[in-house]
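Residue numbers (the working numbering): -13 to 388.
Built from N, CA and C at the ideal position, the CB exists for glycine as well.
Values in this document were obtained by computation on a predicted structure and should not be read as measured data.
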Ligand SMILES: [Zn+2]
């Protein structure tokens, strides 16, 4: 059955426009002939779409390219400062026992134009918090002389289960006032911003950033692990995020890995994140260490200095980390595991011993079946990915979620 012809035509037109825009963004500068060759769209359609891109400030003609004969091809150049997006990341911080919110303004190349942060002790005054975020965003636009019409959206990366369609943070045990962290509706906040508002789980935005600009660029089928105060996973099937029936896939930090009866913030016991999130390093070190530490960074320094207790704690930690990764391998059989968040800062101290523990624990997988990689965006994946939520809708019309 054919649908409404006008609406079908409109869809084709929009899809051609986005296809050309995506190619232009990737190549930065390209000739019209090359666009025809790569997209298989007719030259007439290409020319009218390029005119539209020029009208929208997204492209300009950039002279002619070298030719081996015939007419010289006209080059088109992408203009990344035509539009902007905001990204907001609700990170948790053990050191100050507060939550820090990071806010960035990026252009279409995801280059950071402005950055700011905001500390808060409680999310119970959430209206006030969102109003503060709004003020920061408007100050950034004013300072950089960016009209609100040129902002394509604001994305929030949140630590917990998120229904991105209904714009609800359903459960976030790792935010400080966890009793209050059920069913936070972001819809009422939409009216505060003169551009679209998006929400997503922070591991999913991390995965999105890695696939767009980071270590997973041109890669498919991976599990991105965000290891900070908690652990959660962004699961990429081909290049789409898999979120499951009720949007809860990836809450892997709350799977049980021991039977010691240690209580977790979620109400359960012995969850993976008690043993393998960054806090485990500090807690275990302080039980027997020569001095008291209060941050992952301090632990890192001790480990680099060859501190005996730090080495023991690290070995125990890697054991638990590998148990959870083995569970992921058996569940998803991914091509890559990507480690992001605070733990990614340990880089070479992390990967070789972790790889050896993971593959010595399993009869099902061998080294080479799965690559364990460190995030190239490190602790910034989730934040950059938050801004990319708006960019993805701009480029694809929707989020690439299964
Ligand atoms: Zn738990």
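Here's the rule I'm using: 16 or more other beta-carbon atoms within 10 Å means buried, otherwise exposed. How should residue 316 be labelled? Taking the first residue of the chain shown as 1, we reach residue 316 at position 330. Answer is exposed; the Cβ neighbour count stays below 16.
Apart from the five residues just before and just after residue 237, which ones in its own chain have a Cβ nearer than 7 Å to its Cβ? Here residue 237 refers to the residue found at position 251 when the chain shown is read from its first residue. Here the set comprises 147, 218.
Pop quiz: residue 61 and residue 48 are said to be a contact at Cβ under 8 Å. What is the actual Cβ separation, rounded to whole angstroms? The count along the chain shown starts at 1 and reaches residue 61 at position 75. The count along the chain shown starts at 1 and reaches residue 48 at position 62. At roughly 4 Å, the Cβ-Cβ gap stays under 8 Å, so residue 61 and residue 48 are in contact.
Please state the DSSP three-state secondary structure of residue 442. Limits of the chain in this structure are -13 at one end and 388 at the other, which puts residue 442 out of reach.
Euclidean distance between Cα positions of residue 343 and residue 304: Numbered from 1 along the chain shown, position 357 holds the residue referred to as residue 343. Numbered from 1 along the chain shown, position 318 holds the residue referred to as residue 304. The straight-line gap from Cα to Cα measures roughly 8 Å.
Cβ pair residue 159, residue 241 closer than 8 Å: Position 173 of the chain shown, counting from 1, holds the residue named residue 159. Position 255 of the chain shown, counting from 1, holds the residue named residue 241. Result no, Cβ atoms of residue 159 and residue 241 do not sit closer than 8 Å.
At 4 residues or longer, what runs of the alpha helix (DSSP H) sit wholly inside the region 284 to 339? 294 to 318
If you check the beta carbons only, do residue 368 and residue 216 fall under 8 Å apart? The residue labelled residue 368 in the question sits at position 382 within the chain shown. The residue labelled residue 216 in the question sits at position 230 within the chain shown. No, Cβ-Cβ distance for residue 368 and residue 216 is not below 8 Å.
Using three-state DSSP, classify residue 348 as helix, strand or coil. Here residue 348 is taken as the residue at index 362 of the chain shown, counted from 1. Here residue 348 sits in coil by DSSP.
Can you name the residues that DSSP bridges to residue 185? Within the chain shown, residue 185 is the residue found at index 199, counting from 1. According to DSSP, which records beta bridges pairwise, residue 185 is partnered with 142.
On a Cα-Cα basis, can you pick out the residue from 130, 206, 274, 175 that is closest to residue 117? As a first step, residue 117 must be located in the chain shown, where it is residue number 131. Answer by Cα proximity: 175.
Does the region 22 to 29 touch the region -5 to 14, meaning 3 or more C-beta pairs lie closer than 8 Å? yes
Please report the residue range of the beta strand (DSSP E) in which residue 168 lies. Along the chain shown, read from residue 1 onward, the residue named residue 168 stands at position 182. 168 to 171 is the span of the beta strand (DSSP E), which, as asked, contains residue 168.
Is there contact between the region 100 to 107 and the region 123 to 136, where contact requires at least three CB pairs shorter than 8 Å? yes
Distance CB(residue 181)-CB(residue 140) smaller than 8 Å: One-based indexing of the chain shown puts residue 181 at position 195. One-based indexing of the chain shown puts residue 140 at position 154. Yes, the pair counts as a contact, with Cβ atoms nearer than the cut-off.
Between the CA atoms of residue 322 and residue 211 - distance to the nearest angstrom: Working through the chain shown from its first residue, we reach residue 211 at position 225. Working through the chain shown from its first residue, we reach residue 322 at position 336. In a straight line, the C-alpha of residue 211 is about 11 Å away from that of residue 322.
Inspect the beta-carbon positions of residue 235 and residue 221 and report whether they are closer than 8 Å. Translated into positions along the chain shown, residue 235 becomes position 249. Translated into positions along the chain shown, residue 221 becomes position 235. A contact, by the Cβ cut-off of 8 Å.
Say whether the region 276 to 285 touches the region 224 to 235, bearing in mind that this needs 3 or more beta-carbon pairs closer than 8 Å, one atom from each stretch. no
Bridge partners of residue 64, per DSSP? On the chain shown, position 78 is the one that residue 64 refers to. Paired residues: 45.
Restricting to Cα atoms, I'd like to know which of 295, 35, 267, 377 is closest to residue 70. As a position in the chain shown, residue 70 is number 84, starting the count at 1. Nearest of 295, 35, 267, 377 to residue 70, Cα basis: 377.
Can you tell me whether DSSP reads residue -13 as helix, strand or coil? Residue mapping note: residue -13 aligns to position 1 of the chain shown, counting from 1. Unreliable positioning characterises residue -13 in this predicted model, as indicated by a pLDDT of 47, which lies under 50. The coordinate reading is nonetheless provided below. It is coil, neither helix nor strand.
Suppose the cutoff is 8 Å on Cβ atoms and the five residues either side in sequence are ignored; what does the same chain contact list for residue 247 look like? Looking up residue 247 in the chain shown gives position 261. Here the set comprises 255, 256.
CB of residue 240 to nearest heavy atom of ligand 1: below 7 Å? Here residue 240 is taken as the residue at index 254 of the chain shown, counted from 1. For ligand 1, at least one heavy atom lies less than 7 Å from the Cβ of residue 240.
Counting along the chain, where does the alpha helix (DSSP H) carrying residue 124 start and finish? Looking up residue 124 in the chain shown gives position 138. First-last of the alpha helix (DSSP H) with residue 124: 112 to 129.
Hey, would you say residue 261 sits closer than 8 Å to residue 295, going by beta carbons? Taking the chain shown and counting its residues from 1, the one referred to as residue 261 is at position 275. Taking the chain shown and counting its residues from 1, the one referred to as residue 295 is at position 309. The answer is no: Cβ separation not under 8 Å.
Just curious, the beta strand (DSSP E) that residue 380 is in, first and last residue? Along the chain shown, one-based indexing puts residue 380 at 394. Counting along the chain, residue 380 falls outside any beta strand (DSSP E), though it belongs to the alpha helix (DSSP H) covering 367 to 382.
So, with DSSP's three-state summary, where would you put residue 77? Within the chain shown, residue 77 is the residue found at index 91, counting from 1. Correct three-state label for residue 77: strand.
Among the candidates 143, 300, 91, whose CA atom is the shortest distance from the CA of residue 130? Counted from its first residue, the chain shown places residue 130 at position 144. Here the closest residue by C-alpha is 91.
Taking 7 Å as the cut-off, does the CB of residue 251 come closer than this to any heavy atom belonging to ligand 1? For the purposes of this step, residue 251 is taken as residue 265 along the chain shown, with counting starting at 1. True, at least one ligand heavy atom lies under 7 Å from that Cβ.
Considering only their Cβ atoms, is the gap separating residue 341 from residue 324 smaller than 8 Å? As a first step, residue 324 must be located in the chain shown, where it is residue number 338. As a first step, residue 341 must be located in the chain shown, where it is residue number 355. No; because the gap between Cβ atoms is not below 8 Å, this pair is not in contact.
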